[in-house]
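This note's numbering puts the first residue of the sequence shown at 304, with every later residue one more than the last. All C-beta atoms in this analysis are idealised placements derived from N, C-alpha and C, irrespective of residue type, glycine included. Structure record follows, encoded as structure tokens.
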Amino acid sequence: MEVAVIGTGYVGLVSGTCIADMGHNVTCVDNDKDKIDMLNQGEMPIFERGLKEMVDINTEGGRLFFTADIKKAVEGAQIIFIAVGTPPDEDGSADLQYVLAVSEEIGQYINDYKVVVDKSTVPIGTADKVKNAIQEKLDGRGVNYKFDVVSNPEFLREGLAIQDFLKPDRVVIGSDSKKAKEIMDELYRSFTLQQDRIMFMDIRSAEMTKYAANSLLATKISFMNEIALLCEKVNADVEKVRVGIGSDTRIGYKFLYPGVGYGGSCFPKDVKALIRIAKKNKTSSKILQAVENVNNKQKELLVDKVVEQFGEDLTGKVFAIWGLSFKPMTDDMREAPSRIIINKLLDKGARVQAYDPQAMDEARRIFGDNKNIIYTSDQYSAINNADGLLLVTEWHQFRNPNFDRIKKLLKQKIIFDGRNQYKPDKTIENGFTYYCIGR
């Protein structure tokens, strides 16, 4: 099949590459010519495990192409994915300007029947707006080419995105067109050969499914973080509580790990957007508002523990930060807890020595030329002569460090574990003052 993917951000690049890997011909389009040049030279604008290798295989195989020419891509495609950004607007709602701008361009260049797929996370009712934008352009051209708009939300986990796309839990497709359903079924059938995981539904239900799924996962995280705070007050161990409730098959273990809050491009944005959708439709969103409030407060928790140890004035203190990305196996720092933690430490007069396996360049871009932040070449250089270590992101290499080496390098033997990676009793026996979450 001939496929166009408009937008080469995280979702667009991963989706286009995986579709090409199944034998389809995919043209990825972006109006950022520098990014297109980078991709055509085999360089990746994002870090995702296995992505570069898969891009290389499919470009060399003649199935995957990158271009800034949207006209050529639209004219040659049967299926056109819209995978551009929908950043939160000032009121928390999703900003659709890029989605609708692309829709107008599609309408300008359609030359035959097309299936237009909303892959971006968009508010309920966006498919109607996309359809209207395309039709207005067709009317302006005086032509009457047929097309269908389909909702096909993504459920990709950063760090595991290729696995999630190639072996999905489900493929949600919202459409009211028999022809579009048949075409989408043909596209995705090879991804679900072992078990049929394609779910057809109406468009608005598909749009709602993405928001509801992410908001529920965010709710589990905030719930567990709130339980962790209560465990600290009543002298209970949240890790034992987690195992106790996770063993209930109705609940399960996933997303029950307490920590320093969720981040990334999806959960914060989608919770905000769903709150805004509820407000617009004059219905309650008290649970979602609580989820957001708890998460915002949780990102400050590790700094609160630092203040508990050292006091409000941290002038002259140096803190090591292990982990900058919002989760392991990505360089994404959007809404990352590390951003809040570092800024609050700096505001209180401290200096920071930071290390992350993948997000160092992104951190430099975000924080700019700040003399109070030093980026180190490895995790142990970050703790050299520091007053304390803050574990923020649970990269594998941080899970079993050399504690004897840490003791020698730290000025003060204090660990603030924001991900409950270490055993409290053993860490204290090793001579550390140890702060964690809910234990």
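- One Cα belongs to residue 710, the other to residue 608, and the distance between them is close to 20 Å.
- For residue 454, DSSP records a beta bridge to 421, 477.
- Counted as a single uninterrupted DSSP element, the beta strand (DSSP E) harbouring residue 691 occupies residues 691 to 694.
- A contact between stretches requires three or more CB pairs, one per stretch, nearer than 8 Å, and the region 590 to 602 fails this requirement with the region 404 to 420.
- Assignment of residue 367 by DSSP, reduced to helix, strand and coil, places it in the strand class.
- Contact between residue 573 and residue 514 holds, with the beta-carbon distance rounding to 5 Å and staying under 8 Å.
- Between the beta-carbon of residue 606 and that of residue 647 there is about 4 Å, and that keeps the pair under the 8 Å contact cut.
- The C-beta separation of residue 693 from residue 623 comes to about 7 Å, placing the pair in contact by the 8 Å criterion.
- In terms of CA proximity to residue 600, 532 leads the group 656, 532, 445.
- Minimum Cα-Cα distance from residue 725 among the listed residues 701, 626, 415, 712 corresponds to 701.
- In the three-state reduction of the DSSP assignment, residue 563 falls in the coil class.
- Between residue 651 and residue 681, the CB-CB gap reaches or exceeds 8 Å.
- The C-beta distance from residue 422 to residue 461 rounds to 16 Å, too long to fall under 8 Å, and the pair is not in contact.
- For the options 384, 415, 357, 321, the alpha carbon positioned closest to that of residue 332 is the one of 384.
- When only Cα atoms are considered, residue 549 and residue 541 end up about 12 Å apart.
- Under the DSSP definition of a beta bridge, residue 391 partners with 397.
- Assigned with DSSP and collapsed to three states, residue 305 falls in strand.
- Using a C-beta cut-off of 8 Å, the region 382 to 398 makes no contact with the region 338 to 350, since fewer than three inter-stretch Cβ pairs fall below that distance.
- If you look at residue 687, you'll find it isn't in any beta strand (DSSP E); DSSP assigns it neither H nor E.
- DSSP places residue 725 outside both helix and strand once states are collapsed to three, so it counts as coil.
- Using a C-beta cut-off of 8 Å, the region 658 to 675 makes contact with the region 618 to 635, since at least three inter-stretch Cβ pairs fall below that distance.
- Rounded to the nearest whole angstrom, the C-alpha separation of residue 705 and residue 736 is 16 Å.
- Nearest Cα to residue 314 within the set 732, 674, 455: 455.
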